[in-house]
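2 protein chains.
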Amino acid sequence: MLKATVYVTIKQSVLDPQGVAVQGALHSMGFDEVSKVRVGKYLELELGTSDRAEAERRVKAMCEKLLANTVIEDYRYELI
Amino acid sequence: MLKATVYVTIKQSVLDPQGVAVQGALHSMGFDEVSKVRVGKYLELELGTSDRAEAERRVKAMCEKLLANTVIEDYRYELI
Chain A
12 MLKATVYVTI
22 KQSVLDPQGV
32 AVQGALHSMG
42 FDEVSKVRVG
52 KYLELELGTS
62 DRAEAERRVK
72 AMCEKLLANT
82 VIEDYRYELI
Chain B
12 MLKATVYVTI
22 KQSVLDPQGV
32 AVQGALHSMG
42 FDEVSKVRVG
52 KYLELELGTS
62 DRAEAERRVK
72 AMCEKLLANT
82 VIEDYRYELI
C-alpha cells in the first residue's frame, strides 16, 4: 500500500497572518532571531492502492479539488 | 542564514478529528481508496543566525515551548 505525504503552503505573495502571529509569539518569548515564519499544512494519506502512476494522478486530483486552495496556496506531495 | 522546517503531527494514539473530516470529504468526492488521513502543521522559519548548533538548540526550544503541544503532538525539524 502506498502512503502520500502532502505539503500545502501559502504562496509567497500572499500574506500569512498565522505566520505573523507565530513570529510575534516567538519574539515575545525571546526568540528574536526568527525573521520570518510561514505556516502550512502537512497531511499523511494512506492509500488502498499500490499502483504508483494511478496514485500520483489521484493525489494530484485530491490536492486540486480539496486539500489545497490553488488560488492562494501551493502544494507538493511525495509517495512512499 | 539558516532556515528551519518544522513538522508537527498528532501522535498516533490520539484521535485526529480534522483527519477524519478530510477523509470523509475525500470519500464523498469519490476518492474511496483513502484509508486514513492525519493532518499536521508544517512551518518554515527563517533564522537570523548561521550557527548550526545554536540554531538546533533554539528551534528545539521553540517546538517544546510554543510550536508543538508535546502532550498530544510529535514534532521534528530540519535545518537547511
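These protein sequences, in sequence, are chains A and B. The working numbering applies: residue 12 is where the first sequence begins, and numbers increase by one. The working numbering applies: residue 12 is where the second sequence begins, and numbers increase by one. Each residue gets a CB set at the ideal place from its N, CA and C atoms; glycine is no exception.
Identify whether residue i lies in helix, strand or coil by the three-state DSSP scheme.
i: Glu44 of chain B; result: coil
i: Val82 of chain B; result: coil
i: Val50 of chain B; result: strand
What residue range is occupied by the uninterrupted alpha helix (DSSP H) comprising residue i?
i: Leu37 of chain A; result: 28 to 39
i: Lys71 of chain A; result: 63 to 73
Do you know offhand how far residue i's Cα is from residue j's?
i: Lys22 of chain A; j: Thr81 of chain A; result: 9 Å
i: Val45 of chain A; j: Arg63 of chain B; result: 14 Å
i: Ile26 of chain B; j: Ile91 of chain B; result: According to the sequence provided, residue 26 of chain B is Leu. The question's Ile does not apply to it. Roughly 32 Å separates the two Cα atoms.
i: Asp18 of chain B; j: Glu75 of chain A; result: Per the sequence presented here, residue 18 of chain B reads as Tyr, with Asp not at that position. Answer to the nearest angstrom: the Cα atoms are 22 Å apart.
i: Val70 of chain B; j: Glu84 of chain B; result: 16 Å
i: Pro28 of chain A; j: Gly59 of chain A; result: 36 Å
i: Lys14 of chain B; j: Met73 of chain A; result: 29 Å
i: Leu47 of chain B; j: Met12 of chain A; result: The identity of residue 47 of chain B in the sequence shown is Lys, whereas the question assumes Leu. Approximately 12 Å between the Cα atoms of the pair.
The beta strand (DSSP E) that contains residue i, what's its start and end?
i: Lys14 of chain A; result: 13 to 21
Original post:
Three or more C-beta pairs closer than 8 Å, one from the region 32 to 47 of chain A and one from the region 30 to 41 of chain B: is that the case here?
Top reply: no
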